[in-house]
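S.K.:
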Amino acid sequence: MPDTPAHSEPSRWQRIRQSDLALSFLASKVTVAAAFVAVVMIAASVGAALIAPHNPYDMAAIDIFDSMLPPVWEDGGERRFLLGTDSIGRDILSTILYGSRMSIFIGLTSVALSLVIGVTLGLIAGYRGGLLDSIIMRLAEVQLALPTILVALLINGILRAVAPPTMVNDVAVLVLILSIGLSNWVQFARAVRASTMVERGQEYVLAVRLIGIGPMAIMFRHILPNVMGPIMVIATLNLSGAILTEATLSFLGVGVPSTRPSLGTLINVGTDYLFSGAWWITIFPGAALALLVLTVNLVGDWLRDALNPTLG
Amino acid sequence: MIRYVSGRLTQSLLVMFIVAAVAFALFGFVGDPIRQMITEDASQAEIDRLREIMGLNDSVPVQFWRYISGAVQGDFGVSYHHKRPVGTLIAERLPATFELAGLSVLLSVVIGIPLGVYTGLHRHGRLARGLMAASLVGVSIPTFLLGILLIYLFSVILGWLPSFGRGETVAVLGGFWTTGFLTTSGLRSLILPSITLALFQTTMVMRLVRAEMLDVMRADYIKFARARGLGTRTVHFRHALKNTLMPVVTVIGLQLGSVIAFAIITESVFQWPGMGRLFLQSIQQVDIPVMSAYLIMIAFFFVVINLITDLAYYSIDPRLRAGALKGNAHA
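Chains U and Z supply the protein sequences, listed in that same order.
Note that the numbering used here has the first sequence beginning at 3, numbered continuously upward.
Note that the numbering used here has the second sequence beginning at 258, numbered continuously upward.
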């Protein structure tokens, strides 16, 4: 770096810039572009309340006479609604921003849930071994044999059957997070178990055992920090999957209700108007979803290659 | 050999037993089956009588045994919503799902393997790179979105192909099976759903064959085949491709189950009258008997496919027979 002072200690920012990870990131133009798009989309959806030109949840602000307006560049489009409006006059751009917020929120929380479950079970299975290990891993195998979407649908169906019928819409988000989170823990558990079994034999573990520290503290305070590397890669790769699963469940009509829609709900509602030529109600949320998933996928792929060259 | 086969069989039976237990627990304990069947003004005596008729007063093991022995004979109870036997409902919808899934797997093999070979051999070529990028986009487009795009393009704008249903079907095999392969409208109706369902599998087969080709082409025996002066064509197809096909066959076998599961989404987009749509409606309507039956059916497909794949592997790969391998055949 020409602008780096030769004598002083490198600052933290410079050390980050000089790290292998940062160099590999900056060398891949596609990843930089994908990360940029993903960050912009996530930031825009988090700040939806500030950025969105309209509030799609505010029923008083919606005018039914504005319904089914095409995007601004088509005949009949209005400048107030850049990407057009839906059947009840909501601005499509605003519903996409609020919808992405819902999709990303459910995606992140369900990945976090899978991570907590998977890491805990993986640590226990790897550290304890024996019967507990066999039970957890058999369970993982059975679940891994079934596709995520099917497991999520089943858990969703069971939770719906248990919840009182009047409350189904209120708990829909919670049901979604639980069903996606519970169907994705296996990958985390397997990775953590494998690295825990290696760490268990290390001298530092023996040392902390000798000074009388309990198994829980050993697992979570001493082994966990050493097995976190692959977990972050799996979490990133799973995020796009979780967002997709959420969208699919909502599209299938067992996700979030249309009053507080996610991207999947918007696409589902929009398909009813496809045949009348109002393509923008479906296509724009669909494009937003595909772009979000693609960019998160690209970043995840790069992270996997950069942190673990053997996986290629 | 016998030990291996019987070990795998025991494992499969155990999985089926666990799934049946889950399905039974759903069937018996989630929601009160009586409340789903009676009217508001039923008296307590009527409810008690119904409980007795349905055997809900028996002990749990007795009920479980009755559920399993019924399920083995195709009796999964009566749907709450349709008021018809679940076995009949599924049998009516089985052909639709199987024809769709079968055609999709065929498509993904016919398209995916040649593309995989090509991208594997011309790793740095422009077209191969373009194909790889396209496959990543293909994986990122959700199945249902692809279906919607296809409907919009080919049904709404161009008006070439139907957007929903199976078209006209013909009953064959003594009315047991209805097929859409024998009529023009049936075939036309199959095109869009099968492409939708096949896309994900196609990209997966392509990536897998590519990775295997890259691996195999580095192997010593390929170098020796070249050194022996064999033609490029022979080396690529007779020596390289043949050795990549083993894992590909396994994965395609294992994917067959996922295709049936992914058909839920495709069937929903195209209003395809298959099992997946029945299952989805049963979730929306909390129709527990249908849910349980579907769960058992899908688990059964998975177990049978897994078993066949494992046994096929065992008979194809001599290394498995020689080694002291325990249980798991995925070496």
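Don't be surprised by glycine CBs; every beta carbon is placed ideally from N, CA and C.
Quick caveat, the model's predicted, so the values are computed rather than measured.
(1) By the DSSP assignment, the alpha helix (DSSP H) with Trp-434 of chain Z in it spans what residues?
(2) Along the chain, where does the alpha helix (DSSP H) that runs through Val-1 of chain U open and close?
(3) Taking the straight line between their C-alpha atoms, what separation do you get for Pro-352 of chain Z and Arg-445 of chain Z?
(4) By how many angstroms is the C-alpha of Ile-225 of chain U removed from the C-alpha of Arg-202 of chain U?
(5) Using a C-beta cutoff of 9 Å, does Asp-60 of chain U count as contacting chain Z?
(6) Compare the beta carbon distance of Arg-308 of chain Z and Asn-314 of chain Z with 9 Å and say whether it is the shorter of the two.
(7) Any contact of the region 484–493 of chain Z with the region 392–399 of chain Z, i.e. 3+ C-beta pairs under 8 Å?
(8) Check each candidate in U:Leu-25, U:Thr-122 and U:Gly-49 and name the one with the smallest Cα separation from Ala-191 of chain U.
(9) Where do the ends of the alpha helix (DSSP H) carrying Val-177 of chain U lie?
(10) Starting from Gln-541 of chain Z, find everything on chain U with Cβ-Cβ shorter than 7 Å and list it in chain order.
(11) Put Thr-87 of chain U into one of helix, strand or coil per three-state DSSP.
(12) How many whole angstroms separate the CB atoms of Val-295 of chain U and Leu-246 of chain U, which I take to be in contact at a CB cut-off of 8 Å?
(13) Let me know the alpha helix (DSSP H) ranges lying completely inside the region 406–486 of chain Z, each 4 residues or longer, listed in chain order.
(14) When Cβ atoms are compared, which residues of the region 485–518 of chain Z fall closer than 7 Å to chain U?
(15) Using the three-state DSSP reduction, which class does Val-526 of chain Z fall into: helix, strand or coil?
(16) Using a C-beta to C-beta distance shorter than 7 Å, which residues of chain U count as neighbours of Met-548 of chain Z?
(17) List, in order along the chain, the chain U residues whose C-beta lies closer than 8 Å to that of Val-466 of chain Z?
(18) Can you name the start and end residues of the alpha helix (DSSP H) that Met-43 of chain U belongs to?
(19) List the residues of chain U that Tyr-570 of chain Z touches, going by C-beta distances under 8 Å, in chain order.
(20) Can you tell me which of the three DSSP states Pro-217 of chain U falls into?
(21) Spatial neighbours of Arg-534 of chain Z within its chain, please: CB distance less than 7 Å, with the 5 preceding and 5 following residues excluded, ordered by chain position.
(22) In chain order, what residues of the same chain lie with their CB nearer than 7 Å to the CB of Pro-371 of chain Z, ignoring the 5 residues before and after it?
(23) Could you spell out where the alpha helix (DSSP H) holding Trp-282 of chain U opens and where it closes?
(24) Would you give the residue range spanned by the alpha helix (DSSP H) that Ala-147 of chain U belongs to?
(25) Is the CB of Ser-89 of chain U under 9 Å away from at least one CB in chain Z?
(26) What is the DSSP secondary structure of Val-335 of chain Z, reduced to helix, strand or coil?
(27) Using a Cβ-Cβ distance cut-off of 9 Å, determine whether Phe-286 of chain U contacts chain Z.
(28) Across which residues does DSSP place Asp-93 of chain U in a beta bridge pair?
(29) Does the region 104–114 of chain U come within contact of the region 232–248 of chain U, defined as at least 3 CB pairs closer than 8 Å?
(30) Determine the closest residue to Lys-499 of chain Z out of Z:Leu-537, Z:Phe-519, Z:Leu-456 and Z:Asp-472, with distance taken between C-alpha atoms.
(31) Is Pro-371 of chain Z helix, strand or coil by DSSP?
(32) Please report whether the beta-carbon of Ala-278 of chain Z lies at a distance below 9 Å from any beta-carbon of chain C.
(33) In angstroms, rounded to a whole number, what distance separates the CA positions of Gly-131 of chain U and Leu-239 of chain U?
(34) On the DSSP bridge assignment, give the partners of Pro-342 of chain Z in chain order.
(35) Is Tyr-129 of chain U buried or exposed, if buried means 16 or more other CB atoms sit within 10 Å of its CB?
(36) Going along the chain, which residues of its own chain have a beta-carbon closer than 6 Å to the beta-carbon of Ile-325 of chain Z, five neighbours each way excluded?
M.R.: Reading from the atomic positions:
(1) No alpha helix (DSSP H) holds Trp-434 of chain Z; the beta strand (DSSP E) holding it covers 434–436.
(2) Here chain U has residues from 3 to 314 only, and residue 1 of chain U is not among them.
(3) 17 Å
(4) 8 Å
(5) no
(6) Yes. Within cutoff.
(7) In short, these stretches do not touch, since the Cβ pair count stays below three.
(8) U:Thr-122
(9) First-last of the alpha helix (DSSP H) with Val-177 of chain U: 174–184.
(10) Gly-255 and Val-256
(11) Here Thr-87 of chain U carries a strand assignment [DSSP, helix/strand/coil].
(12) 6 Å
(13) 441–474 and 477–484
(14) Ser-515 and Ala-518
(15) Three-state result, Val-526 of chain Z: helix.
(16) Gly-159
(17) Chain-order list of chain U residues neighbouring Val-466 of chain Z: empty, with the shortest C-beta distance near 16 Å, by a criterion of under 8 Å.
(18) 31–48
(19) The premise fails here: Tyr-570 of chain Z is roughly 16 Å from chain U at the closest Cβ pair, so nothing lies under 8 Å.
(20) Look at Pro-217 of chain U here: in three-state DSSP terms it is helix.
(21) Glu-524 and Ser-525
(22) none
(23) 282–309
(24) 132–147
(25) no
(26) strand
(27) Chain Z contact via Cβ: absent.
(28) U:Thr-87
(29) yes
(30) Z:Asp-472
(31) When secondary structure is reduced to three states using DSSP, Pro-371 of chain Z falls in the helix class.
(32) The question asks about chain C, but that chain is absent: this structure's protein chains are U and Z.
(33) 28 Å
(34) Z:Val-335
(35) buried
(36) Ala-277
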